[in-house]
Ligand code: ZN
């Protein structure tokens, strides 16, 4: 056996263990009865320990030494060389994180998440504060262990979005705010009620599901390698490109919840189903730091695809011009007197709100920015945990013009910090910005793309995204993908241009 084959086998086993973990997690979040929680926790802990030992042990070092010697002189840009180089890079980082830090975190997370959910329920930030402090201390410890040049945030955001740093995000946010805040003010000033509220009717769940799945398949989601289930917190997960599952949740009145949940997760799913089959069970379909098997290269790159399909395609005027008639076949009474134009305007209402997951395209990034700014402050020590409710409310007021009536709808609304997920929020905004860059480039490089989308033909777009992004798995970083596809790094102009054009038209704003 060559050293490369030996390396492949070693990583393939890690893939198998991580995929098994993902299946257990999918089951826990969609099918498992509550009684299974405790023993499922044991199963996950055992498998996670096996995965960590398999990768972080000395055997990996010996295997890497041998394969590095064998591939010397090969094309530095090839998948083979990239696979070895990335494995070495992450191996060295994982080895820097002390085992007892990981153990402490693993023990603390379930308790901290439970305390958070109770605190959110009872509007009691004080009871959660000591746990948040412990999670923050562990995050700082991890940042110190991993190492960083400028800001502890850099070491943490690296796990989710290696292409950005605290300082690059600060610059990005300034540019976004300069574009978004005036746009939001103009929209609020031109806000008029719609002539008809479509979400006052009842939309049976089975029909919502059938319509959503039909659109997902039109986008290119392959049900031979996928399925749609219900989850209270929707997500997508892949166990290799051959089995890529999505979830959504239903509201009997508010049709957009399930439809756009499905289309969002479909975007994630298309990415995973589009990974080159040659990369299955290789180092280019593993997140070594997060310890799960995944083809998409970063949180931001993944989110760029979910948001592209959900918002730029699914919430476009052309989308409803193409699919309104079909929706009316499912819901003839509810859609009586409606039109593609009314649907378009109904699914694009902009309104500053307190809750991130309910935010529209214009206000969404403001929710992310305030969270990231707070995380940076906590990590560098300029903000204290006990001051968070006050700081949170001040930022919500500054960006959205609202005051949370309580901490449950304020600083306690998201699960992320209770699980120690510092550094994960920027991926949402980075993904939004990237999605516009990718779509702009696709428009320039694929002749007739706009006409195809006008006619509801999504194949040319899917082909471009697959050959430029999806098939590469994790071979290229998000920054490299942007450079290769668009000729430049992360830049806000295409995104702001898209939002301005769309909402100037929707709200008839002065140009
Ligand atoms: Zn997503």
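In my numbering, the protein residues as written are 179 to 689.
Glycine included, C-beta positions come from ideal geometry on N, C-alpha and C.
Host beta strand (DSSP E) of residue 406 (start-end): As a position in the chain shown, residue 406 is number 228, starting the count at 1. Per DSSP, residue 406 belongs to the beta strand (DSSP E) from 404 to 408.
Among 490, 601, 533, nearest to residue 570 - alpha-carbon criterion: In the chain shown, the residue the question calls residue 570 occupies position 392. Considering only alpha carbons, the answer is 533.
Measure the C-alpha to C-alpha separation of residue 421 and residue 365 and round it to an integer number of angstroms. Counting from 1 along the chain shown, the entry for residue 421 is found at position 243. Counting from 1 along the chain shown, the entry for residue 365 is found at position 187. When rounded, the distance between both Cα atoms is 42 Å.
Got a sec, what are the start and stop residues for the beta strand (DSSP E) residue 424 sits in? Here residue 424 is taken as the residue at index 246 of the chain shown, counted from 1. That run of the beta strand (DSSP E) goes 422 to 426.
Nearest-angstrom Cα separation, counted from residue 414 out to residue 441: On the chain shown, residue 441 is found 263 positions in, with the first residue counted as 1. On the chain shown, residue 414 is found 236 positions in, with the first residue counted as 1. The straight-line gap from Cα to Cα measures roughly 11 Å.
How do the stretch 306 to 318 and the stretch 290 to 297 stand: do at least 3 beta-carbon pairs fall below 8 Å, yes or no? yes
With respect to 7 Å, is the separation between the Cβ of residue 450 and the closest non-hydrogen atom of ligand 1 below this value? Translated into positions along the chain shown, residue 450 becomes position 272. Answer for residue 450: no, Cβ out of range of ligand 1.
Give me, in chain order, the residues of the same chain whose beta-carbon lies closer than 6 Å to that of residue 207; leave out the 5 immediate sequence neighbours on both sides. In the chain shown, counting from the first residue as 1, residue 207 sits at position 29. Taken in chain order, the residues that qualify are 409.
Which residues does DSSP list as the beta-bridge partners of residue 464? Within the chain shown, numbered from 1, the residue matching residue 464 stands at position 286. The partner list for residue 464 (beta bridge, DSSP) reads 471.
Cutting at 6 Å between CB atoms, please list the residues of its own chain near residue 525, excluding the five before and the five after it. For this step, residue 525 is matched to residue 347 along the chain shown. Result list for residue 525: 434, 493, in chain order.
Rounded C-beta distance between residue 342 and residue 604? I'm assuming under 8 Å. Taking the first residue of the chain shown as 1, we reach residue 342 at position 164. Taking the first residue of the chain shown as 1, we reach residue 604 at position 426. About 6 Å separates the two Cβ atoms, so the contact holds.
At the 8 Å Cβ level, is residue 484 part of the contact set with chain C, yes or no? The question asks about chain C, but that chain is absent: this structure has only one protein chain.
Residue 479 versus residue 618 - alpha carbon distance: Taking the chain shown and counting its residues from 1, one reaches residue 479 at position 301. Taking the chain shown and counting its residues from 1, one reaches residue 618 at position 440. If you take the alpha carbons of residue 479 and residue 618, they lie about 15 Å apart.
Excluding five sequence neighbours on each side, which residues of the same chain lie with their C-beta closer than 8 Å to the C-beta of residue 280? Residue numbering aside, residue 280 sits at position 102 when the chain shown is read from its first letter. Answer for residue 280: 230, listed in chain order.
Own chain residues within Cβ distance below 6 Å of residue 585, not counting five before or after: For the purposes of this step, residue 585 is identified with residue 407 of the chain shown, where counting begins at 1. Result list for residue 585: 301, 303, 567, in chain order.
DSSP three-state assignment for residue 415, whether helix, strand or coil: Your numbering for residue 415 matches position 237 in the chain shown. Residue state, collapsed to three classes: strand.
Can you confirm whether the stretch 422 to 432 touches the stretch 395 to 407 when touching is taken to mean that 3 or more C-beta pairs between the two stretches lie within less than 8 Å? yes
Is it true that the CB of residue 271 sits closer than 8 Å to the CB of residue 232? Position 54 of the chain shown holds residue 232. Position 93 of the chain shown holds residue 271. The answer is no: Cβ separation not under 8 Å.
Nearest to residue 312 (by Cα), restricted to the options 556, 550, 184, 224: Position 134 of the chain shown, counted from the first residue, corresponds to residue 312. Considering only alpha carbons, the answer is 556.
Measuring from each Cβ to the nearest heavy atom of ligand 1, keep the ones under 6 Å and list them in chain order. 442, 446, 481, 484
Distance between residue 180 and residue 337 (C-alpha atoms, nearest Å): To locate residue 337, count along the chain shown from 1; it is residue 159. To locate residue 180, count along the chain shown from 1; it is residue 2. Approximately 31 Å between the Cα atoms of the pair.
State yes or no: is the C-beta of residue 649 within less than 8 Å of the C-beta of residue 453? Taking the first residue of the chain shown as position 1, residue 649 is located at position 471. Taking the first residue of the chain shown as position 1, residue 453 is located at position 275. Result yes, Cβ atoms of residue 649 and residue 453 sit closer than 8 Å.
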